[in-house]
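Below is one structure, written out as structure tokens; the observations come after it.
Protein chains: 2
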Amino acid sequence: MRSLKYAILGLLCRHPMTGYEIAKEFNSELAEFWYANHSQIYPELKKLNEEGLVNYDIEISGEILEAKRYTITEEGYKDFKKWLNKDEKMQKTPKDIFRLRMYFSGNLNVETRIRLLESQHLQHHKRLNTLKKKYEQYSEVPPRDSDRFGDFLVLRGAIMRQENIIAWLEECIGYCKEDDRD
Amino acid sequence: MRSLKYAILGLLCRHPMTGYEIAKEFNSELAEFWYANHSQIYPELKKLNEEGLVNYDIEISGEILEAKRYTITEEGYKDFKKWLNKDEKMQKTPKDIFRLRMYFSGNLNVETRIRLLESQHLQHHKRLNTLKKKYEQYSEVPPRDSDRFGDFLVLRGAIMRQENIIAWLEECIGYCKEDDRD
DNA sequence: ATTATACATGTTTGTATTGACATGTTTTAT
DNA sequence: ATAAAACATGTCAATACAAACATGTATAAT
Chain A
576 MRSLKYAILG LLCRHPMTGY EIAKEFNSEL AEFWYANHSQ IYPELKKLNE
626 EGLVNYDIEI SGEILEAKRY TITEEGYKDF KKWLNKDEKM QKTPKDIFRL
676 RMYFSGNLNV ETRIRLLESQ HLQHHKRLNT LKKKYEQYSE VPPRDSDRFG
726 DFLVLRGAIM RQENIIAWLE ECIGYCKEDD RD
Chain B
576 MRSLKYAILG LLCRHPMTGY EIAKEFNSEL AEFWYANHSQ IYPELKKLNE
626 EGLVNYDIEI SGEILEAKRY TITEEGYKDF KKWLNKDEKM QKTPKDIFRL
676 RMYFSGNLNV ETRIRLLESQ HLQHHKRLNT LKKKYEQYSE VPPRDSDRFG
726 DFLVLRGAIM RQENIIAWLE ECIGYCKEDD RD
């Protein structure tokens, strides 16, 4: 389905970027729903260029260090818009290794289950705090046609998702701790 | 990390199964957090057998139809238990194409956004109803050491997650519909 | 009888993805 | 001065995964 292609084109719609900047964006801002290594990004940019969907200019920093700053072409923008307008089927529930473990937790003693659950709880809680800090930067809902509106929607989604996972983990801990059920 | 390996071993801990049955399980019961095609499962079973983690007996249905019923070995069980006890790092947030779209939704007119959001909403709502029906089969929390306890935990998790996605989608629709903000 | 569905097991091809390998420059802090 | 961190771009090998190809048998419904 070439999702990476559209993730890159979408970013380039905002403004021209280098591969390095795209990689950074994938591994910080967008990381709540997308990510990719530079080892995937550079070949994809090369391919997009060959397909005529992006162009680049070479920038020099210092004496010789070269950076290719990519710009989306007319054709690239058309392609992206077409993809963005498509109504796609709901995607498969993503794989989740921790849930897989919990599915098999009947094979663990109760103490271990609680230990594993609490470790996840702690980690997800930290994640949530980071997200909340980011959220504080928004004093109001950004205008609907700005890029920041999209950022805002997915940030809200990330926070809600994180809170939900935490609630589930707490419920699980509760079920594990309930004594003397029969 | 060979997660498929452990997903299969985990199932075989419960009782011996054929490849076909494992595939079915992956695409119905476990589907809320795991899935795999038979084209992945059969080669993996072969590999596990070569590694001595599973054995199989051949069963004949009717005249000649053969099925390999796999059983976990002592060694396989040890390997599985070791994996299950490990406290692993929280996994990366899964990729989500719809969120990627919403991230870029500044490029869409408001009507299209609402259309896309409502399409997702409808689909996730159907999914939720299916899950709730499954949940009705539990009149109480199953005993902690039964296989059904694990089933119950992940089913609860799936319902909560689904409800959360729906809440997010509704919030997004709300933000898109708000008129005359400035 | 015939047809559809479920049972049953495999291989092959193409794509996606990760992690490691590989190389170098520029800037910032000490 | 020098060391560390950030900038910058690429390739390669291994794994994971999906979709299609390939080939049948058994059972239930009509």
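If you read the sequences in order, they're chains A and B. Position 26 (the first sequence) corresponds to 601 in the numbering used here; numbering is contiguous. Position 153 (the second sequence) corresponds to 728 in the numbering used here; numbering is contiguous. The beta-carbon is built from N, C-alpha and C at its ideal position, and this holds for glycine as well. Keep in mind it's a predicted model, so treat the numbers as computed, not measured.
Residues of the same chain with a CB within less than 8 Å of the CB of residue 588/B, apart from the 5 flanking positions on each side, are 647, 652 and 655 in chain order. Restricting attention to 706/B, 636/B, 577/B and 627/B, the CA atom closest to the CA of residue 645/B is found in 627/B. When Cβ pairs closer than 8 Å are counted between the two stretches, the region 676-684 of chain B is seen not to touch the region 707-714 of chain A, the count staying below three. For residue 643/A, the uninterrupted beta strand (DSSP E) run begins and ends at 640-647, by DSSP. At a cut-off of 7 Å between beta-carbon atoms, residue 750/B makes contact with chain A. Annotation for residue 739/B: no beta strand (DSSP E) segment contains it, though the alpha helix (DSSP H) segment containing it runs 722-752.
For residue 665/A, the chain B residues whose Cβ falls inside 8 Å of its Cβ are 673, 695, 698, 699 and 702, in order along the chain.
Note that the region 655-674 of chain A touches the region 658-672 of chain B; at least 3 beta-carbon pairs, one per stretch, sit closer than 8 Å.
Each residue's CA atom was taken as its position, placing residue 602/B and residue 579/B some 13 Å apart. At a cut-off of 7 Å between beta carbons, residue 732/B contacts chain A. Residue 735/A places its beta carbon 7 Å or farther from that of residue 704/B. For residue 699/B, the CB contacts under 8 Å within the same chain, skipping 5 residues up- and downstream, are 737, 740, 741 and 744 in chain order. Its Cα nearest to that of residue 629/A, the residue 620/A stands out among 620/A, 715/A, 635/A and 636/A. Under the 7 Å criterion on CB atoms, residue 720/A is classed as interfacial with respect to chain B. Residue 581/B and residue 592/B have their C-alpha atoms spaced approximately 15 Å apart.
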